[in-house]
Amino acid sequence: MVLQAACSHCVQQVRNYDYHHYLCLLELPPKVRKAAFALRAFNVETSRAMDIASDPKIGLIRLVWWKEAIDKVYANKLIEHPTAQALASVVSENKISKGWLKRSVEAQINDAKRDVTDIPENTEGLEKYVEDTVSTLLYMKLQAGGIQSTAADHAASHIGKASGLLLMLTMLAATVTFLIYKLKLQPIMVCWLRKRAGQKSAWILMRAYVMRSLTWHQ
20 MVLQAACSHC VQQVRNYDYH HYLCLLELPP KVRKAAFALR AFNVETSRAM
70 DIASDPKIGL IRLVWWKEAI DKVYANKLIE HPTAQALASV VSENKISKGW
120 LKRSVEAQIN DAKRDVTDIP ENTEGLEKYV EDTVSTLLYM KLQAGGIQST
170 AADHAASHIG KASGLLLMLT MLAATVTFLI YKLKLQPIMV CWLRKRAGQK
220 SAWILMRAYV MRSLTWHQ
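Counting from 1, position 8 in the sequence shown corresponds to residue 27 in my numbering; the numbering is continuous, with no gaps.
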């Protein structure tokens, strides 16, 4: 009953905070679907940690807690958290790489520690971030499905990078809207900022959006 409730919690979390993936995961075979929802719920927990925290330090503590939770999962230690319990079940039933889970949360910890002006100098930095946070989820879903293929891993890497960068562009578009309508910046000023700062501006604007999104929606 506890495990069933934990799995249901994961499904609900994905439905609430990652709806387009929720719809996609419903089409997976039942065995893979359970693992996919647990992995996606884990991603929901870690990706929202900084956004919902009243203080960045609290968000960072949550991320570190999840990093330590991964070690407990692989050490077969009980964790009183439904997502962690579902993840533990998935790990015990499938050959899910601990390295991929740790890599995902560590990338978000490193990003949380970074100052808002400390940004990647080029697109390779952005690609590395989405590889670590998005592509890793696809690698683990392949593992849950028992798929061992270099070609599949290669495709997952490219798909993860593409979808991750697309999400960033979507966030950037929302940020530009925020700057125009909330900060009263004229469109020409936003264009000037982007041109002036080059590639760096995208990262600055996206991070600014994440930091101010909660205030915006209040």
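Just so you know, even glycine gets a beta-carbon here, dropped at the ideal spot from N, CA and C.
Nothing here was measured: the structure is a model prediction, and the numbers come from that model.
Can you tell me the Cβ-Cβ gap for residue i and residue j, rounded? I've got them flagged as a contact below 8 Å.
i, j, result
"I128", "K160", "With 8 Å as the limit, I128 and K160 do not qualify as a contact, their Cβ atoms being about 22 Å apart."
"A54", "N113", "6 Å"
"A68", "R81", "4 Å"
"K180", "V149", "5 Å"
Does the beta-carbon of residue i have 16 or more other beta-carbons within 10 angstroms, so that it is buried, or is it exposed?
i, result
"T155", "buried"
"S123", "buried"
"D151", "buried"
"G78", "buried"
"L145", "buried"
"I71", "exposed"
"G165", "exposed"
Over the uninterrupted alpha helix (DSSP H) stretch that includes residue i, give me the two end residues.
i, result
"Q162", "T155 to A163"
"L106", "P101 to E112"
"D70", "P49 to I71"
"D90", "P75 to Y93"
"L18", "Not covered by the structure: residue 18. The range shown for the chain is 20 to 237."
"E125", "K117 to K132"
"Q32", "V21 to Y36"
Who are the Cβ neighbours of residue i in its own chain at under 7 Å, not counting the five residues just before and after it?
i, result
"V63", "Q32, V33, Y36 and D37"
So, for residue i: in the same chain, excluding its five sequence neighbours on each side, which residues have a beta-carbon less than 6 Å away from its beta-carbon?
i, result
"W119", "T155, Y158 and M159"
"Y93", "K117"
With a threshold of 8 Å on Cβ separation, who are the neighbours of residue i within its own chain once the five nearest residues in sequence on each side are excluded?
i, result
"V109", "K53, A54, A57, L58, I115 and A163"
"P75", "M69 and A131"
"L44", "V33, R52, A55, F56 and R59"
contact_flag[the region 37 to 48, the region 102 to 122] where n(CB pairs < 8 Å) is 3 or more: no
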